Amino acid sequence: MNTTNFILKERTGLKVTFKNVTMSYDGKKDTLKNLNFTIPDGTLVSLLGPSGGGKTTTLNLISGLLTPTSGQIFFGDEDVTKKDALGRKVGMVFQNYALYPHLTVLDNIAFPLKMAKVAKAERHKRARELAALVHVEDQLDKKPGELSGGQQQRVAIARALAKSPSLLLLDEPLSNLDARLRIEMREEIRRIQRETGVTTIFVTHDQDEALHISDNIMVLSFGSIQQFSSPTALYERPNNLFVAKFIGEPVINAVPADTLVDDLKGIVPDEILERAETAGIRSEALIPYDAGDAVLAKLSGTITQSKKYGREATAEITYHDQVLLSTEMAGSPTSEAETEFYLTKPGFFLFDDAGVLIYGGESHAQ
Ligand SMILES: Nc1ncnc2c1ncn2[C@@H]1O[C@H](COP(=O)(O)OP(=O)(O)O)[C@@H](O)[C@H]1O
Ligand SMILES: [Mg+2]
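Just add 325 to wherever you are in the sequence shown, counting from 1, and you've got the working numbering.
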């Protein structure tokens with residue numbers, strides 16, 4: 326099967342650069358504030374953030390459906406800021422599949438080529454190859470209404486790839502699918518991206534989805550980039566409290582830094598303890614045994630609740646006036662008695678009053 330070769334041969338994967346891009350819909354409020362980033366060629370990047378954070382606006386600026394209020398957008402070295410969507414040659418897939426209901430799967434996939442006046446034999450050949458790539462080659466004569474949601478989204482992806490775009494843009498493409506299918510389809514999008522090598526930008530509000538498929542994740546909120554890094558870096562070294570809380574399941578324990586001050590004196594520099602406003606503690610950073618070098622401090626509290634569902638087990642530790650969740654201490658007997666436990670360096674962070682990381686993560690080798 327030479328599907329992949331066919332697509333690779335035609336592709337011109339592109340990097341995308343935003344330079345000081347600001348976007349205002351009404352000329353008053355900035356929906357996107359001075360975005361600067363580069364998405365490397367051939368990678369899969371997720372735009373992740375809560376609803377209203379500016380993900381779709383960013384994607385539409387990349388596609389050319391929107392023009393920035395100020396700043397520049399580059400594809401490779403070319404300034405495309407003034408180019409419209411047609412001129413930019415991007416493939417797009419939306420949450421609602423938007424297939425043509427009266428056309429067969431084959432004709433849906435071939436449709437962009439028909440518009441581009443590609444001869445019938447040639448466009449059908451290409452459509453068949455794309456159908457094989459997305460695994461709907463046995464559905465070619467069906468109408469979209471006869472397909473499952475996942476199959477429809479496969480067809481939508483094939484159609485978006487028909488004209489060998491340099492960029493594939495997907496705006497929450499899996500939101501309408503049930504949980505199991507979403508997991509299957511996210512793996513499929515990853516596979517298709519790898520096989521084609523097309524630079525892919527994937528919008529989602531689901532951190533789990535983003536963590537599983539992306540080379541890099543851009544966390545967007547309040548119209549600004551909160552962090553743009555690898556999934557591992559987002560988790561192990563969040564730039565700020567917003568990212569720390571947004572990434573990770575269970576949600577990170579966030580407590581006033583004052584709670585820990587007495588236990589961290591002499592361990593964390595005084596200057597940092599004075600500036601620290603909030604402590605972030607991942608649930609796996611609270612452990613029942615002394616793990617040696619990985620340990621930051623020994624603490625003491627009472628285990629007030631212990632729960633288990635499926636593979637997941639959690640314990641609640643009351644520490645001073647706070648309740649901390651641990652995923653490492655389930656099974657510990659609950660009692661009123663004080664118990665000693667340990668706080669590890671990985672998964673412990675301090676943030677200042679602006680929410681900026683001032684301690685923890687790999688930057689602090691101590
Ligand atoms: N066409 C539009 N006109 C005016 N405001 C808009 C328009 N589209 C989006 N917005 C606003 O811009 C902000 C970002 O929206 P959007 O980019 O759709 O976020 P997301 O995709 O992250 O949910 C929101 O406050 C939204 O209300
Ligand atoms: Mg959106």
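Note that beta-carbon positions come from the ideal geometry of N, C-alpha and C, so glycine has one too.
Owing to the predicted nature of the structure, the values given are computational and were not obtained by experimental measurement.
As assigned by DSSP and simplified to three states, the class of residue i
i	result
L357	strand
E447	helix
Y614	coil
V576	coil
K623	strand
S473	coil
S651	strand
F676	strand
S631	strand
A662	coil
A481	helix
A487	coil
L502	coil
A462	The amino acid occupying residue 462 in the given sequence is Glu; Ala does not appear at that position. Three-state DSSP puts E462 in coil, outside helix and strand.
A640	strand
D432	helix
K439	helix
Residue i burial status per 10 Å Cβ neighbour count (16 or more: buried)
i	result
L630	Here the sequence assigns Gln to residue 630, which means Leu is not the residue at that position. By the neighbour-count rule (16 or more Cβ atoms within 10 Å), Q630 is not buried but exposed.
K633	exposed
P556	buried
N564	buried
G401	exposed
R451	buried
E637	exposed
M510	buried
R519	exposed
D496	buried
Those residues which DSSP pairs with residue i across a bridge
i	result
D496	V528
P426	Note: P426 sits in no beta bridge, so no partner.
G416	L493
A682	Note that residue 682 is Leu in the sequence shown here, rather than Ala. F676, per the DSSP bridge assignment.
S669	Looking at the sequence provided, one finds Thr at residue 669 rather than Ser. Per DSSP, V620.
Anticipated Cβ contact below 8 Å, residue i with residue j, distance rounded
i	j	result
I550	F674	19 Å between Cβ atoms; not a contact.
L373	T382	Not really, about 14 Å apart at Cβ, beyond 8 Å.
N421	N359	Their Cβ separation, rounded to whole angstroms, is 32 Å, which puts N421 and N359 out of contact at 8 Å.
E665	I612	Wrong, their Cβ atoms sit about 11 Å apart, outside the cutoff.
G626	Y644	4 Å
D678	A622	Not a contact, Cβ separation roughly 23 Å.
Test: residue i CB closer than 7 Å to a CB of chain C
i	result
K439	Protein chains in the displayed structure number just one, and chain C is not present.
- Task: Only counting runs of 4 or more residues, tell me where the alpha helix (DSSP H) segments fall wholly within the stretch 335 to 404, in order along the chain.
- Result: 380 to 388
- Message: In chain order, what are the residue ranges of uninterrupted beta strand (DSSP E) at least 3 long that sit wholly in the stretch 522 to 571?
- Response: 524 to 529, 541 to 546, 549 to 554
- Item | 3 or more residues per run - each beta strand (DSSP E) lying fully within the stretch 578 to 611 | 578 to 581, 603 to 606
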